[in-house]
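In this note's numbering, the protein residues as written are 916 to 998.
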């Protein structure tokens with residue numbers, strides 16, 4: 916689990932085009948709510964294949980990277996974005 920400190924963490928994304936690996940880093944502010952413990956070890960990811968040369972990034976929505984049972988569970992969670 917992450918500490919409930921609201922710190923900014925650097926997330927690294929890597930892609931491989933068959934010849935070399937491209938890397939992009941993005942700062943993400945992570946704020947962990949007190950209720951987060953109830954979801955620990957219950958969130959399941961999903962592998963999503965994307966084409967490097969796609970003309971749009973619409974398919975990179977976070978929803979595409981979690982399975983349906985996780986979406987349903989997280990849909991019941993308190994929501995909101997801390998600014």
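For glycine and all other residues, C-beta sits at the position ideal for the given N, C-alpha and C.
| Check | Outcome |
| --- | --- |
| Whole alpha helix (DSSP H) elements within the segment 963-995, 4-residue minimum | 983-990 |
| Closer than 6 Å: residue 976 CB and nearest the ligand NAD heavy atom | The ligand NAD is not among the ligands present in this structure, which contains no ligands whatsoever. |
| Local conformation of residue 927 per DSSP, three classes | strand |
| Contact set for residue 978: own chain, Cβ-Cβ below 8 Å, skip 5 residues either direction | 986 |
| Which of helix, strand or coil DSSP assigns to residue 933 | coil |
| CB of residue 967 within 7 Å of CB of residue 932, strictly | yes |
| Rounded straight-line distance, which links the Cα of residue 974 to that of residue 927 | 18 Å |
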